[in-house]
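With the numbering used here, you'll find the sequence shown wraps up at 81, consecutive numbering, no jumps. Some notes on the structure that comes next.
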Amino acid sequence: MARRKFDKQFKNSAVKLILEEGYSVKEVSQELEVHANSLYRWV
Numbered sequence: 039m040a041r042r043k044f045d046k047q048f049k050n051s052a053v054k055l056i057l058e059e060g061y062s063v064k065e066v067s068q069e070l071e072v073h074a075n076s077l078y079r080w081v
């Protein structure tokens with residue numbers, strides 16, 4: 039399986055959901071189909 043690449047805009051949007059909108063990492067992870075560990079690295 040190829041590794042997915044995410045652009046800066048996608049990462050910023052995901053982080054904004056967590057930090058500003060109050061969603062949990064788990065919720066964003068499931069909704070965007072991104073591993074939670076990736077989200078933790080971006081935050």
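All C-beta atoms in this analysis are idealised placements derived from N, C-alpha and C, irrespective of residue type, glycine included.
Distance check for residue j and residue i, CA to CA, integer angstroms please.
i   : j   : result
G60 : L77 : 14 Å
A9  : D45 : Beyond the ends of the chain as shown, which are 39 and 81, falls residue 9; an answer cannot be given.
V81 : A40 : 24 Å
K64 : R42 : 19 Å
L55 : V66 : 7 Å
Taking only three categories from DSSP, how would you classify residue i?
i   : result
R42 : coil
Y34 : Nothing can be reported for residue 34, as the shown portion of the chain is limited to 39 through 81.
E71 : coil
Between residue i and the rest of its own chain, which residues show a CB-CB distance below 6 Å, the 5 nearest in sequence each way excluded?
i   : result
K49 : W80
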